[in-house]
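S.K.:
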Amino acid sequence: MCITLTKRTETVSSHKSEMSFPGGHAEADETPRNAAQREALEEVGLLPSEYEIIGSLTPISTKSQHVCVTPFVAVATKPVQPHRASPEEVDSLHYLHLSTLLLKASTSHARVIKYHSLTSKRPCFFPCFFASPVQMDVSPAVRRSPKAAVVMDDCGFDPMLPEDFPGELVWGLTSLMTCELVARVAKVIVDAPEANSAAEVNALLIPSNVVARDPLADSTR
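Numbering (the UniProt record's numbering) for the sequence shown: 1 to 221.
1) Where does G55 fall in DSSP's three states?
2) Just to confirm my understanding: we take F126, look at its own chain, exclude 5 residues before and 5 after, and list those with CB closer than 7 Å. What are they?
3) From R221 to M1, what distance separates their C-alpha atoms?
4) Would you call the CB atoms of I54 and V67 closer than 7 Å?
5) By the three-class DSSP mapping on this structure, what secondary structure does V12 have?
6) Hey, A148 and P166 are a contact pair by Cβ (cut 8 Å); roughly how many whole angstroms apart?
7) Measuring straight from C-alpha to C-alpha, what distance separates S99 and S106?
8) For the alpha helix (DSSP H) that E39 lies in, which residues bound it at each end?
9) Do residue 227 and R38 have their C-beta atoms within less than 7 Å of each other?
10) Nearest to T31 by alpha carbon, out of K63, P71, H109, E43?
11) What does P159 pair with, by DSSP beta-bridge criteria?
12) Tell me the residue span of the beta strand (DSSP E) that contains K147.
13) Just verifying my parser: in three-state terms, what is the DSSP assignment at P48?
14) Among A36, K63, L93, whose alpha-carbon lies nearest the alpha-carbon of E18?
15) Assign D29 to one of three DSSP states: helix, strand, or coil.
16) Closest to A183 by C-alpha separation, out of L169, V201, V211, E168, would be which residue?
17) Determine the direct distance from the alpha carbon of A36 to that of G23, and round the result to whole angstroms.
18) Give the range of the alpha helix (DSSP H) segment to which K187 is assigned.
19) If I follow the unbroken beta strand (DSSP E) through A131, where does it start and stop?
20) Do L102 and S108 have their CB atoms nearer than 7 Å?
21) Using the Cβ count rule (16 or more neighbours within 10 Å means buried), how would you classify M152?
22) Assign S139 to one of two classes, buried (16 or more other C-beta atoms within 10 Å of its C-beta) or exposed (fewer than that).
23) In the DSSP assignment, the beta strand (DSSP E) including L93 goes from what residue to what residue?
24) Would you call V142 buried or exposed, if buried means 16 or more other Cβ atoms sit within 10 Å of its Cβ?
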């Protein structure tokens with residue numbers, strides 16, 4: 001099962017060239033749910049009849065735009081093919097694979113160091129993932145870059161240079177929403193009474209020791 005993401009274009013007003021979920025501002029008299037469905041159609045061409053909304057995640061407030069984001073979780077009832085329905089907003093489509101995030105966290109979960117975030121002027125870490133450009137292909141495992149020199153800011157983690165990223169970097173609000181989704185699914189697995197060994201359960205969501213170096217570090221430090 002794939003999680004669909006979009007890479008934003010350079011011409012959008014904010015978060016240029018970053019990875020995000022389909023979405024946007026609600027229009028007048030529009031509910032958050034209806035706004036999510038409209039944006040899914042406008043950005044990636046998915047009709048409401050092609051999926052079922054099964055719930056929502058925790059609303060998140062943003063400091064940069066002073067808005068509250070309400071994430072909705074939808075599952076396609078049959079195979080679908082998202083596409084760039086809005087080339088002005090969507091540069092390309094990318095995918096995270098839910099089974100990999102759940103069962104192979106040690107090779108798919110990392111953290112990225114950011115030097116100038118909205119919340120701190122000090123180096124800080126955010127959870128991150130790497131998305132594949134193809135539904136059927138899983139991004140390669142995260143691993144330390146052989147040429148990366150260890151620096152104090154790595155805090156003992158294994159550094160990975162931007163040129164060695166195994167896919168498109170997913171971080172920020174998008175990665176936080178992804179973390180909550182994966183954690184909720186993992187809880188269902190842990191609480192299920194059947195066929196989950198203690199070793200399998202204990203291995204869920206244990207991340208790698210990799211820290212991704214900030215691709216923008218040279219221009220922001």
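A virtual CB, placed ideally from N, CA and C, is assigned to each residue, including glycine. A quick note: this is a predicted structure, and the numbers were derived from the prediction, not measured.
M.R.: The answer reads as follows:
1) Here residue 55 refers to the residue found at position 55 when the sequence shown is read from its first residue. DSSP places G55 in the strand class (E or B) of the three-state scheme.
2) Taking the sequence shown and counting its residues from 1, one reaches residue 126 at position 126. Apart from sequence neighbours up to five positions away, the residues of its chain that approach F126 with a beta-carbon distance below 7 Å are R111, V112, K114, W171, G172, S175, ordered along the chain.
3) Counting from 1 along the sequence shown, the entry for residue 221 is found at position 221. Counting from 1 along the sequence shown, the entry for residue 1 is found at position 1. Any reading at R221 is ruled out, since the residue's pLDDT is 42, under 50, leaving its predicted position unreliable.
4) Indexing the sequence shown from 1 puts residue 54 at position 54. Indexing the sequence shown from 1 puts residue 67 at position 67. Against a cut-off of 7 Å, the Cβ pair of V67 and I54 comes out as no contact.
5) Stepping through the sequence shown from its first residue, residue 12 is reached at position 12. In the three-state DSSP reduction, V12 falls in the coil class, being neither helix nor strand.
6) For the purposes of this step, residue 148 is identified with residue 148 of the sequence shown, where counting begins at 1. For the purposes of this step, residue 166 is identified with residue 166 of the sequence shown, where counting begins at 1. Your pair A148 and P166 does not check out as a contact, with CB atoms roughly 14 Å apart and the cut at 8 Å.
7) What you label residue 99 is simply residue 99 of the sequence shown in a count that begins at 1. What you label residue 106 is simply residue 106 of the sequence shown in a count that begins at 1. A straight-line Cα-Cα distance of about 13 Å links S99 and S106.
8) On the sequence shown, residue 39 is found 39 positions in, with the first residue counted as 1. From DSSP, the alpha helix (DSSP H) with E39 extends over 32-44.
9) Beyond the ends of the chain as shown, which are 1 and 221, falls residue 227; an answer cannot be given.
10) The residue labelled residue 31 in the question sits at position 31 within the sequence shown. A check of alpha carbon separations from T31 across K63, P71, H109, E43 identifies P71 as the nearest.
11) Taking the first residue of the sequence shown as position 1, residue 159 is located at position 159. DSSP output for P159 lists V211 as bridge partner(s).
12) On the sequence shown, position 147 is the one that residue 147 refers to. Secondary structure note for K147: it is in no beta strand (DSSP E), with a DSSP letter that is neither H nor E.
13) Your numbering for residue 48 matches position 48 in the sequence shown. In the structure shown, the three-state DSSP call for P48 is helix.
14) For this step, residue 18 is matched to residue 18 along the sequence shown. Of the listed residues, the one whose Cα sits closest to E18 is L93.
15) Here residue 29 refers to the residue found at position 29 of the sequence shown. Look at D29 here: in three-state DSSP terms it is coil, with no helix or strand label.
16) Here residue 183 refers to the residue found at position 183 of the sequence shown. Among L169, V201, V211, E168, the Cα nearest to that of A183 is on V201.
17) The residue given as residue 23 occupies position 23 in the sequence shown. The residue given as residue 36 occupies position 36 in the sequence shown. Distance from the CA of G23 to the CA of A36, rounded to the nearest whole angstrom, comes to 6 Å.
18) Within the sequence shown, numbered from 1, the residue matching residue 187 stands at position 187. Note, K187: alpha helix (DSSP H), 172-191.
19) Locating residue 131 in the sequence shown gives position 131, where the first residue counts as 1. Membership of A131 in the beta strand (DSSP E) is indicated by the continuous run 124-131.
20) Working through the sequence shown from its first residue, we reach residue 102 at position 102. Working through the sequence shown from its first residue, we reach residue 108 at position 108. Not in contact: L102 and S108 (Cβ atoms no closer than 7 Å).
21) For the purposes of this step, residue 152 is identified with residue 152 of the sequence shown, where counting begins at 1. Counting Cβ neighbours within 10 Å, M152 comes out exposed, since fewer than 16 surround it.
22) As a position in the sequence shown, residue 139 is number 139, starting the count at 1. Around the C-beta of S139, 16 or more other C-beta atoms lie within 10 Å, and the residue is accordingly described as buried.
23) The residue you call residue 93 lines up with position 93 of the sequence shown. The continuous beta strand (DSSP E) containing L93 extends over residues 90-97.
24) Position 142 of the sequence shown, counted from the first residue, corresponds to residue 142. The Cβ neighbour count for V142, taken over all protein chains shown within 10 Å, is at least 16; the residue is labelled buried.
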